[in-house]
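Engineer:
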Amino acid sequence: MIDPKLIRENIDLVKESLGKRGDAFVNLAKLTDIEGQRRKLIQESERMKSEKNALSNEIAKLKKAGADAAGQIEHLRTIGKDIEEMERRVKAVEKEWEDMTLVIPNIPHDTVPVGTGEEDNTVAKVWGEKPQFDFDPLAHWDIGEKLDILDFKRAAKITGSRFTLYKSYGALLERALINFMLDLHTGEHGYTEVLPPFMVNRETMTGTGQLPKFEEELFKLDGLDYFLIPTAEVPVTNIYADEILREDDLPLKYVAYTPCFRKEAGAHGKDTRGLTRQHQFNKVELVKFTAPETSYDELEGLLLDAEDVLKRLNIHYRVSLLCTGDLGFSSAKTYDIEVWLPGQNIYREISSCSNFENFQARRAKIRYRKQGGKTDFVHTLNGSGLAIGRTVMAVMENYQAKDGGIVVPEALRPYMRGITKIPAAS
RNA sequence: GGAGGGAUGGCUGAGUGGCCGAAAGCGGCGGUCUUGAAAACCGUUGGGCGUUCACGCGCCCCGUGGGUUCGAAUCCUACUCCCUCCGCCA
13 MIDPKLIREN IDLVKESLGK RGDAFVNLAK LTDIEGQRRK LIQESERMKS EKNALSNEIA
73 KLKKAGADAA GQIEHLRTIG KDIEEMERRV KAVEKEWEDM TLVIPNIPHD TVPVGTGEED
133 NTVAKVWGEK PQFDFDPLAH WDIGEKLDIL DFKRAAKITG SRFTLYKSYG ALLERALINF
193 MLDLHTGEHG YTEVLPPFMV NRETMTGTGQ LPKFEEELFK LDGLDYFLIP TAEVPVTNIY
253 ADEILREDDL PLKYVAYTPC FRKEAGAHGK DTRGLTRQHQ FNKVELVKFT APETSYDELE
313 GLLLDAEDVL KRLNIHYRVS LLCTGDLGFS SAKTYDIEVW LPGQNIYREI SSCSNFENFQ
373 ARRAKIRYRK QGGKTDFVHT LNGSGLAIGR TVMAVMENYQ AKDGGIVVPE ALRPYMRGIT
433 KIPAAS
């Protein structure tokens with residue numbers, strides 16, 4: 013949620029930022045109007061309550077003194093009725109206000125390039141080089157089926173489209189990457205590992221911004237108001253919902269492995285082959301809670317921590333800075349890490365690292381106590397570190413050998429029983 | 001699934017209808033003392049919202065939502081969560 017003060021005091025900034033996102037918010041006038049109404053009604057109702065409290069105290073005193081208070085009691089009775097009516101109006105307006113503010117996206121940071129879509133993103137850095145092959149590199153789905161380590165057909169039989177059955181070295185590679193990343197981030201980057209619930213309630217989903225606007229993207233349990241998480245960001249960021257943290261404890265850094273579940277409702281017919289876009293995929297996620305002053309430095313650090321995974325695997329990638337038009341709903345600034353996939357001849361997003369500033373903290377009520385005792389909202393950040401399925405693709409396509417096998421990146425060997433190569437099909 | 005008990009401020013824990021936003025202790029912060037620290041003593045110490053240039057003033061919050069009452073942390077009710085015992089179970 014953006015700061016309500018902005019709506020009141022700087023509606024032009026809100027208008028401008030929404031414009032930059034290409035997300036024209038037609039009813040800003042109405043929102044300003046509701047905000048005015050809301051405050052007017054609150055003031056009026058508080059005035060009435062104040063009167064009620066004074067009268068109530070008076071009655072208490074009279075009663076204590078053994079005096080008669082029938083007149084005051086009668087008066088209070090009528091005030092009470094008026095207050096009830098006023099409360100109804102306050103609640104109605106506050107509901108309306110909340111419904112509107114919860115669907116307003118975050119304000120982009122000043123350093124975010126203005127643009128309308130993917131094509132306006134800028135390349136922030138490039139690491140490594142495209143590998144050269146003396147044969148035509150295959151896409152991972154071909155490699156996977158040839159080696160019988162990825163089985164898309166049977167997964168479709170078991171469940172449906174956009175699921176994968178990993179087999180043998182495929183399953184081992186997936187598991188190795190999870191462990192490799194968790195060990196790297198906990199052991200060398202200072203993150204604390206958590207293993208959160210994979211389904212969460214509606215409030216939690218609202219806290220990080222998935223709800224109320226994106227319910228059609230989520231798998232919901234039948235008969236329960238629980239949802240399967242689309243990313244570990246949701247349960248992990250909400251660890252401190254409704255809490256006040258100590259300034260000395262910041263920044264707090266967590267890493268979590270979870271599966272992620274997404275409907276991919278708007279992606280019919282897109283990326284239908286291979287591991288690219290699945291209803292269920294694994295991810296190791298990094299989450300930080302920071303003081304507002306340091307959050308942009310922490311974003312750069314988070315990005316480096318995520319990049320480090322690919323560096324150690326020695327896989328070429330570039331980092332793009334998303335423009336205003338491509339920025340996610342809750343984010344103020346996002347870097348995407350795009351990994352090189354020689355089998356498909358494309359760069360593909362493998363991590364998304366964002367600073368949400370206090371947008372999520374405000375929704376989830378995550379605060380910290382500053383020097384001097386005042387409380388303020390923390391800044392929340394997160395980034396994939398990395399998406400496992402897409403890393404599997406990257407390893408398979410970048411490390412494929414002429415004979416059809418896959419060389420195991422050195423960093424991964426300790427996690428794969430020491431083997432140096434996934435052997436070619438016999 | 002059955003039976004019972006509970007939910008109060010950072011923590012422990014009083015409070016069963018009328019200055020209770022809430023005793024007390026611990027913790028935290030400030031001070032006295034001390035070369036410094038500890039101890040002791042004194043003081044201070046919840047959050048949110050509205051209003052105000054500010055001091056301040058007002059409203060709301062005792063798990064959550066309803067209800068009773070002139071008045072609710074206290075009574076009723078539904079829900080949620082936690083604990084104990086029994087059953088079942090990876």
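Numbering (the numbering used here), first residue to last: 13 to 438. Ideal Cβ placement from N, Cα and C applies to all residues, glycine included. Small disclaimer: the values here were computed from a predicted structure and weren't measured.
In this structure, how does DSSP classify K382 when only helix, strand and coil are distinguished?
Structural biologist: Here residue 382 is taken as the residue at index 370 of the first sequence, counted from 1. Coil at K382, not helix or strand.
Engineer: When we look at the beta-carbon of I431 and count the other beta-carbons within 10 Å, is it buried (16 or more) or exposed?
Structural biologist: Counting from 1 along the first sequence, the entry for residue 431 is found at position 419. Answer is exposed; the Cβ neighbour count stays below 16.
Engineer: Mapping DSSP to helix, strand and coil, what is F239?
Structural biologist: Counting from one through the first sequence, the residue named residue 239 turns up at place 227. If DSSP states are grouped into helix, strand and coil, F239 belongs with the strands.
Engineer: Beta carbon of E21: closer than 7 Å to some heavy atom of the ligand NAP?
Structural biologist: Of the ligands one can find in the structure shown there are none, so the ligand NAP has no counterpart to examine.
Engineer: May I have the straight-line CA-CA distance separating D283 from E276, to the nearest angstrom?
Structural biologist: Here residue 283 is taken as the residue at index 271 of the first sequence, counted from 1. Here residue 276 is taken as the residue at index 264 of the first sequence, counted from 1. Distance from the CA atom of D283 to the CA atom of E276, rounded to whole angstroms, is 11 Å.
Engineer: Roughly how far, in whole angstroms, is the beta-carbon of A136 from the beta-carbon of V331, given that I think they are within contact range, below 8 Å?
Structural biologist: Residue mapping note: residue 136 aligns to position 124 of the first sequence, counting from 1. Residue mapping note: residue 331 aligns to position 319 of the first sequence, counting from 1. About 4 Å separates the two Cβ atoms, so the contact holds.
Engineer: Give me, in chain order, the residues of the same chain whose beta-carbon lies closer than 8 Å to that of E47; leave out the 5 immediate sequence neighbours on both sides.
Structural biologist: As a working note, residue 47 is residue 35 in the first sequence. Cβ neighbours of E47 beyond the five flanking positions: P16, I19, R20 and W109.
Engineer: In whole angstroms, give me the CA-to-CA distance for D94 and E58.
Structural biologist: Your numbering for residue 94 matches position 82 in the first sequence. Your numbering for residue 58 matches position 46 in the first sequence. Roughly 12 Å between the two C-alpha positions.
Engineer: In chain order, what residues of the same chain have a beta carbon less than 8 Å from the beta carbon of V342, not counting five sequence neighbours either side?
Structural biologist: Residue mapping note: residue 342 aligns to position 330 of the first sequence, counting from 1. The sequence given here has Ser at residue 342, not Val. Within the same chain, S342 has close Cβ partners P117, N118, T220, G221, S366, F368, F371 and Q372.
Engineer: Can you check DSSP and say which residues form a bridge with D122?
Structural biologist: Looking up residue 122 in the first sequence gives position 110. Checking the DSSP bridge columns, you'll see D122 has no partner listed.
Engineer: Could you say which of Q383, A406 and V105 lies nearest to I418 if we only look at CA atoms?
Structural biologist: Within the first sequence, residue 418 is the residue found at index 406, counting from 1. Ranked by Cα distance from I418, the first of Q383, A406 and V105 is A406.
Engineer: Count the other CB atoms, across all protein chains shown, that sit within 10 Å of the CB of Q412; report buried if there are 16 or more and exposed otherwise.
Structural biologist: Along the first sequence, read from residue 1 onward, the residue named residue 412 stands at position 400. Q412 should be labelled buried.
Engineer: Going by beta-carbon coordinates alone, are T123 and K433 separated by less than 8 Å?
Structural biologist: Locating residue 123 in the first sequence gives position 111, counting from the first residue. Locating residue 433 in the first sequence gives position 421, counting from the first residue. Contact: no.
Engineer: Taking just the CA atoms, how far does G416 sit from L114?
Structural biologist: Locating residue 114 in the first sequence gives position 102, counting from the first residue. Locating residue 416 in the first sequence gives position 404, counting from the first residue. Whole-angstrom Cα-Cα distance: 51 Å.
Engineer: Using a Cβ-Cβ cut-off of 8 Å (strictly less than) and excluding sequence neighbours within five positions of L67, which residues of its own chain qualify?
Structural biologist: Position 55 of the first sequence, counted from the first residue, corresponds to residue 67. Sequence-distant partners of L67 (beyond 5 residues in either direction) whose C-beta falls short of 8 Å from its own C-beta, in its chain, are Q84, H87, L88 and I91.
Engineer: Give every residue of the same chain whose Cβ lies closer than 6 Å to the Cβ of P304, excluding the five residues on either side of it in the sequence, and list them in chain order.
Structural biologist: On the first sequence, position 292 is the one that residue 304 refers to. Excluding sequence neighbours, P304 sits near H391.
Engineer: If I follow the unbroken beta strand (DSSP E) through P271, where does it start and stop?
Structural biologist: Residue mapping note: residue 271 aligns to position 259 of the first sequence, counting from 1. L264 to F273 is the extent of the beta strand (DSSP E) around P271.
Engineer: Nearest-angstrom Cα distance between A77 and S62?
Structural biologist: Here residue 77 corresponds to residue number 65 of the first sequence, with the count starting at 1. Here residue 62 corresponds to residue number 50 of the first sequence, with the count starting at 1. A77 and S62 have their alpha carbons spaced roughly 23 Å apart.
Engineer: Hey, how far is the Cα of M211 from the Cα of N294?
Structural biologist: Numbered from its first residue, the first sequence carries residue 211 at position 199. Numbered from its first residue, the first sequence carries residue 294 at position 282. Cα to Cα, M211 sits roughly 14 Å from N294.
Engineer: Between F239 and M217, how many whole angstroms is the CB-CB distance? I'm expecting something under 8 Å.
Structural biologist: Working through the first sequence from its first residue, we reach residue 239 at position 227. Working through the first sequence from its first residue, we reach residue 217 at position 205. Yes, they are in contact, since the Cβ atoms of F239 and M217 sit about 6 Å apart, within 8 Å.
Engineer: Using three-state DSSP, classify H87 as helix, strand or coil.
Structural biologist: As a working note, residue 87 is residue 75 in the first sequence. Helix at H87.
Engineer: Taking the C-alpha atoms as reference points, what is the distance between H121 and R214?
Structural biologist: Taking the first sequence and counting its residues from 1, one reaches residue 121 at position 109. Taking the first sequence and counting its residues from 1, one reaches residue 214 at position 202. Each residue's alpha carbon lies about 28 Å from the other.
Engineer: Does the stretch 150-162 touch the stretch 173-184, meaning 3 or more C-beta pairs lie closer than 8 Å?
Structural biologist: yes
Engineer: With 16 as the cutoff for other CB atoms within 10 Å, does L398 come out buried or exposed?
Structural biologist: Translated into positions along the first sequence, residue 398 becomes position 386. Its Cβ being crowded by 16 or more others within 10 Å, L398 is buried.
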